[in-house]
Amino acid sequence: MTAEARSCVIAAGLARSTANWASGLEVGLLAAGDDGSRHANERYFRDYVASGRSMGRGNLFIYTLPTSTMGEVAIALELQGPSMYLHEARQPLSTLMEQAAHLIGDGEAAAMLALWNDEHAAVCLAIDGDLDDFQRYPFLCDGTRPSPLVLSQRMRATLL
Numbered sequence: 008m009t010a011e012a013r014s015c016v017i018a019a020g021l022a023r024s025t026a027n028w029a030s031g032l033e034v035g036l037l038a039a040g041d042d043g044s045r046h047a048n049e050r051y052f053r054d055y056v057a058s059g060r061s062m063g064r065g066n067l068f069i070y071t072l073p074t075s076t077m078g079e080v081a082i083a084l085e086l087q088g089p090s091m092y093l094h095e096a097r098q099p100l101s102t103l104m105e106q107a108a109h110l111i112g113d114g115e116a117a118a119m120l121a122l123w124n125d126e127h128a129a130v131c132l133a134i135d136g137d138l139d140d141f142q143r144y145p146f147l148c149d150g151t152r153p154s155p156l157v158l159s160q161r162m163r164a165t166l167l
């Protein structure tokens, strides 16, 4: 598992555990972030070229797809809801939150995890539709687009 995938599993696990959702709840996953798979692609193709361009290693190739990390998260957390990769560059988390609300409202899942990552950090929000999720996460509403690392630092400061 890549460092990016590990940070996503940890972030999603923390978000799910702090949400205090009932066990067996159908939870889905929405993810955004193109840096993780871009760096995995670079590692894979560097290895491919260094190996004489005859064969690439499967353990490097699998993470060249952004959905591979989502699969790792879904397996590790035993998620049973829908999973979708949806990256919108300007407001990735807000877009994920809006899509999560639609999926919950349409009955596709009882709750959703909204995961955004890059090569340095991962941030995951628990969305359940019970409260206005934008009010629950006020650090998202300041009009800026911080990196996942900066946002995780803001979240930590808010929660402590």
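One point on numbering: in our numbering, the residue at position 61 of the sequence shown is 68, and numbering is uninterrupted. Just so it is clear, CB atoms sit at the ideal spot from N, CA and C, and this is done for glycine as well. The model shown is predicted, which means the values in this text are computed figures rather than measured ones.
Quiz item: Apart from the five residues just before and just after Gln87, which ones in its own chain have a Cβ nearer than 6 Å to its Cβ?
Solution: Glu33
Exercise. List the whole-angstrom C-beta distance separating Leu132 from Ala116, where the pair is believed to meet the contact cut-off of C-beta under 8 Å.
Key: So it is not a contact: roughly 14 Å between Cβ atoms.
Practice problem: Indicate whether Thr79 and Met162 have their beta-carbon atoms separated by less than 8 Å. | Solution: First, the residue type needs correcting, since residue 79 is Glu and not Thr in the sequence shown. No; because the gap between Cβ atoms is not below 8 Å, this pair is not in contact.
Quiz item: What residues match up with Gly35 in a beta bridge as DSSP calls it?
Solution: Met119
Self-check item: Sub-8 Å separation of Ile82 and Ala107 beta-carbons
Solution: no
Quiz prompt | CB of Ala129 within 8 Å of CB of Tyr70, strictly | solution = no
Self-check item: Leu158 - DSSP class collapsed to helix/strand/coil
Solution: helix
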